[in-house]
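**Q**
In the numbering used here, the protein residues as written are 414 to 604.
1) Does residue 477 pass the burial test, meaning 16 or more other C-beta atoms within 10 Å, or should it be called exposed?
2) So for residue 576, helix, strand or coil by DSSP?
3) Could you spell out where the alpha helix (DSSP H) holding residue 545 opens and where it closes?
4) My parser needs the beta strand (DSSP E) runs of 3 or more residues fully inside the region 440-519; what are they?
5) Out of 490, 425 and 481, which one is the CA nearest neighbour of residue 537?
6) With a cut-off of 8 Å on the beta carbons, I'd call residue 594 and residue 569 a contact; round off their distance for me.
7) Within 10 angstroms of the Cβ of residue 422, are there 16 or more other Cβ atoms? Answer buried if so, exposed if not.
8) Between 588, 420, 438 and 601, which lies nearest to residue 519 when the distance is taken from Cα to Cα?
9) Report buried or exposed for residue 566, applying the criterion of at least 16 other Cβ atoms within 10 angstroms of its Cβ.
10) Quick one: what does DSSP say residue 566 is sitting in, helix, strand or coil?
11) Considering only C-alpha positions, which residue in the set 604, 577 and 588 is nearest to residue 452?
12) Suppose contacts are defined by Cβ-Cβ distances below 8 Å. Is residue 561 in contact with residue 555 by that definition?
13) Quick one: grab the DSSP three-state call for residue 549.
14) Considering Cα atoms alone, identify which of 463, 583, 467 and 464 is closest to residue 527.
15) Using only the alpha-carbon positions, how far apart do residue 499 and residue 599 sit?
16) Consult DSSP for residue 592 and reduce its assignment to one of helix, strand or coil.
17) Can you tell which of 509, 580 and 429 has its C-alpha closest to the C-alpha of residue 493?
18) Residues in its own chain within less than 6 Å of residue 497 by CB, not counting five upstream and five downstream?
19) Take the Cβ of residue 459 as the centre, count every other Cβ of all protein chains shown within 10 Å, and call the residue buried at 16 or more, exposed below.
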């Protein structure tokens with residue numbers, strides 16, 4: 414169940430949050446069966462997801478399932494921001510002479526491909542569907558830290574983001590951490 418609130422974690426609504434949100438959901442549903450399933454799961458659930466939609470959110474779009482004494486989960490989303498992902502990673506080796514020695518370096522290079530804001534939204538709603546459909550597993554993995562969260566993200570890519578990217582004819586990121594600015598990709602070359 415969706416519940417629009419004024420503020421989450423210091424982020425505030427801007428414009429008409431319900432209109433922007435519903436427009437994105439309509440577009441997703443018109444292009445992807447998997448997106449339609451995710452939206453229906455979250456919309457018809459008795460569990461409440463508090464939502465903030467606003468330009469102040471920036472690239473911090475996120476879902477956080479209710480933990481501990483919290484009753485509602487939280488979702489923040491910016492409809493004006495596309496998310497830059499790195500695709501088609503490949504190893505590029507270069508050699509150069511320095512005196513009598515040859516120095517060889519290998520770097521990872523990738524192409525930058527932005528995911529539209531509505532794909533960012535459905536990724537986060539995919540987490541909401543994971544949370545609602547497999548609550549015990551989700552909470553256990555989330556509580557276990559980095560390794561568990563990586564499993565949650567890998568599952569969300571495989572079951573949700575990738576099929577929807579295919580429906581949109583968009584490039585897929587091969588790993589959750591393949592986005593511009595992640596620690597894993599900070600040293601990559603963007604072509």
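For every residue, glycine included, the Cβ atom is placed at its ideal position computed from N, Cα and C. These numbers come from a predicted model, not from an experiment.
**A** Let me spell this out:
1) So residue 477 counts as buried.
2) helix
3) 530-546
4) 462-466, 475-477, 486-490 and 496-511
5) 490
6) Actually they are not in contact, since the Cβ atoms of residue 594 and residue 569 sit about 19 Å apart, beyond 8 Å.
7) exposed
8) 601
9) Its Cβ being crowded by 16 or more others within 10 Å, residue 566 is buried.
10) helix
11) 577
12) yes
13) helix
14) Nearest option by C-alpha distance: 583.
15) 11 Å
16) strand
17) When C-alpha distances from residue 493 are compared across 509, 580 and 429, the shortest belongs to 429.
18) 525, 527 and 593
19) Counting every other CB atom within 10 Å of its CB across the protein chains shown gives residue 459 a total below 16, marking it as exposed.
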